[in-house]
């Protein structure tokens, strides 16, 4: 039993040693494989490095040649051009110089890689392979020694086990014999003693052998462990170092040489980049601008000022501020002064806005991310996030660019307008100061002088066709007027008084006054030849006439053809096509068109003062001249096209309408004078006519004075018929200086106008029928005699002024004579009734009280098919006082628009448009004003007062939901994605079937 256990234990120990030695043998074999693998890896590294250096040399050489060609190419271009000294050119030269230097550096780097670095790498490869082979041989010898020691240790271990087993067995037998001796002492003592001695000797002998074998085993075990420890801990490291000796040094020297070459290239590159940075830092837009202007001095230098070229010995070279011209020029001076202040403020604000937009644009441009620090993996992972950001940034940049260009345009146009207005202002100011100094201390008149035409040729024309709300062609044929009296009279009045009036045709006039003028023209009279009227009211009558024509000036059946021609890009071709279409109209209508558009073109030439550019005039007249069909659903879309059409006709009217030689008829004359219009200077604006209805009462009160006045008037008329002499304006002023200033009540109730010797300030008054009486003082014209024929021949301004003044005094004498005639009772009653009726008509305006409205609104909801959002408000208005012809104006966020009256009574419409970006969704409040409240609103705006204090007639709220700009992803992208998805599904299905 015991021996079986020992045998089993010995067998286990033997198996452990054999397993351990077998594992060590495998490990030693793996070590040799590692040495071979290490040699192969180092050889491959050296081979790859040599290939890299060789290929890098080729690339550097090719890159150097490419840089040299690039530099030579652009250098030759610079040499062909004229040298420039601006900062951008300096940066360009520095960049080419740095490129040429970089080419040389890369050429030297190529030579280093191709020649200098290849040989050391080849030598390193050779001795690395030799050392690795010899190191492997030494490793194999050491491994053999290690295995030999382990085998000897294993043999000693087996010997030790054998002898120790013998010893244990002998010792066991000895102990067994001793036990038997104790049991059998008395019977066989001697026999047992000899057995015990024999076994003791055997135990001693086996013990000595076991001890000797154990000692040998222990010694070989220690040697084996020491050898193994020395091999693994020291010999292997020594062999690896032996195989690697010189490898790292040689490789380090090669890389160091490569780095040195690159460092030299980098230093040269850094120097070149610093020089380039210096030139970039010197970039200066202002300096380049000055350099450009200096280099092209002959191109950009200001030409000589245009000299004054007098005609036929005219010696006057300054603005003439004498006689009747003083009132007109003084009024124009004040208008220009007011306009100049407003435009200067607008230009200053535009300059600030331009600087802000420029700052925003530069900031947006500088925000462009050009930093290449992000790695490819980062770019790949965030590519789907970066692309929308780039697209959004590009979109924002385009918006800011458009805003900046708009601001620059506003500022440049405003500054140009300021320069023109300033020049006119300075000239007129110098003339005013010179006139003041020449007139001494005489006070100048501040009223606004108007010229009133005396035209008796059309005052009693009778016809059966309506002027307003009628047919133009029928009226011309029935009345024989080639230009209707309302058109001719209003145009002449505006030509003489309103070309410089700010907002002419845009600012509405008094509806009451417009209605009075309309009724007077309808009766066949010419009210503008009798008394002054407000310019805006006269302009309103002209617009009202064309708006109320039964058929529009441009026939509706030709609208589509006109709008099609208006979209032609070429101006010459567009004008030719429009001329062909307009030539097909009846000749009387074409004559009126030619007259009207020539006048509108003349008005637009004073746009720097009256703020009425051709487009503004087109907006005012377009809806009246070219009317869209009532059943046309696209009226809002057509209106901008109609405005553009009318604008083109205004601008190109000379090329569109036939000349007078082609079509005989009246032609508009830009330089109208009172002589041409058979006109004369009238009383001040807001002065009123003679009140005939009060004549009898005044004659009854002062009968004596009336008779004396009659005799003096008769004497004046006799003296007027005498001989005439040429007198100047100074003579008139000297003769009138003795008269008292201002107006006074003459004896006998005679109303006459007294002209002061200088322009006396008279406060402006509102036309009031109850204040129609004005005090006049009789003024004899006995010392004022003017030869009209002589004045026409000489054309002296002073002489013409004296002639006009004489004509006015004669008319005044005739009026005084008529006033002194006795009236019958029926005449008195008729005049009193007429005055009361006139008073009722004047006081009863078309004002609306207690308005009841039924509004409806439309706004653009699709931004794909249009570039602007259109707002339309239509409403039905019922006034509590029964008023029907109510003129309305709309205000939306500080912008005013005229409200168009429909064909039906009480129907109104207003429309406007905004860019989609400005037309944000929300509620828009549209305030509607009548004539009175709108005038208060405009006055508050001009005086920079609070416009919210002006109460509108009523208000309408519009809910705008915003315009849909289409899907964020275009249909092309969706189609492409669908195509890719279909292809992927088809490819997947095909792969599945084939598998």
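Residue numbers (full-length UniProt numbering): 1 to 995. Even for Gly, the Cβ is constructed at its ideal location relative to N, Cα and C.
Under the criterion of beta carbons closer than 8 angstroms, residue 926 and residue 955 qualify as touching, at roughly 7 angstroms. Residue range 635-651 is occupied by the alpha helix (DSSP H) that includes residue 643. Annotated as proximal: residue 611 and residue 502, with beta-carbon spacing under 7 angstroms. Scanning its chain for C-beta atoms nearer than 7 angstroms, with the 5 sequence neighbours on each side dropped, one finds around residue 231 the residues 142, 146, in chain order. Segment contact: the region 20-38 against the region 107-124, fewer than three CB-CB distances shorter than 8 angstroms; contact not assigned. Counted as a single uninterrupted DSSP element, the alpha helix (DSSP H) harbouring residue 623 occupies residues 614-625.
Looking at 318, 512, 399, the one whose alpha-carbon comes closest to that of residue 435 is 318. The three-state reading of DSSP puts residue 960 in strand, counting E and B together. DSSP places residue 915 within a strand segment (E or B) once states are collapsed to three. By the beta-carbon neighbour count (other beta carbons within 10 angstroms, threshold 16), residue 672 is buried. The beta carbon of residue 638 sits closer than 6 angstroms to the beta carbons of 628 from its chain, once the five residues preceding and following it are set aside; these are given in chain order. In the structure shown, the three-state DSSP call for residue 952 is coil. Taking a C-beta distance under 7 angstroms as the contact criterion, residue 474 and residue 510 do not qualify as a contact pair. Nearest neighbour of residue 960 by Cα position, chosen from 257, 936, 869, 933, turns out to be 869. Looking from the CA of residue 518, the closest CA among 496, 541, 507, 499 belongs to 541. Counting along the chain, no alpha helix (DSSP H) covers residue 499, and no H or E run does either. DSSP, read as helix, strand or coil, puts residue 533 in coil. Per the coordinates, the alpha-carbon of residue 937 lies some 43 angstroms from the alpha-carbon of residue 572. Distances from the alpha-carbon of residue 336 to those of 850, 897, 606, 23 put 606 closest. Secondary structure of residue 395 (DSSP, three-state): helix. When only Cα atoms are considered, residue 876 and residue 577 end up about 40 angstroms apart.
Counting the other CB atoms within 10 Å of its CB gives residue 534 a total of 16 or more, which places it among the buried residues. Distances from the alpha-carbon of residue 351 to those of 406, 587, 939, 931 put 406 closest. Within the same chain, and ignoring the five residues on either side of residue 276 in sequence, the residues whose Cβ sits closer than 8 angstroms to its Cβ are 91, 94, 95, 98. Within the same chain, 884 come within 6 angstroms of residue 905 by CB-CB distance, once the 5 residues on both sides are set aside. With contacts defined by Cβ atoms closer than 7 angstroms, residue 239 and residue 135 form a contacting pair. Distance from the CA atom of residue 346 to the CA atom of residue 414, rounded to whole angstroms, is 7 angstroms. In this model, residue 24 and residue 50 are separated by some 39 angstroms (Cα to Cα). Assignment of residue 922 by DSSP, reduced to helix, strand and coil, places it in the strand class.
Classified as buried, residue 860 has 16 or more neighbouring CB atoms from the shown chains inside 10 Å of its CB. Secondary structure note for residue 857: its beta strand (DSSP E) is the uninterrupted segment 852-859. With fewer than 16 other beta carbons inside 10 angstroms of its own, residue 396 counts as exposed.
By the criterion of at least three beta-carbon pairs nearer than 8 angstroms, the region 161-171 is not in contact with the region 271-289.
Take residue 620, set aside five residues on each side of it, and the residues of its chain with a beta-carbon closer than 7 angstroms to its own are 505, 506, 543, in chain order. The three-state secondary structure of residue 466, taken from DSSP, is coil. Beta-bridge annotation (DSSP): residue 897 is paired with 890.
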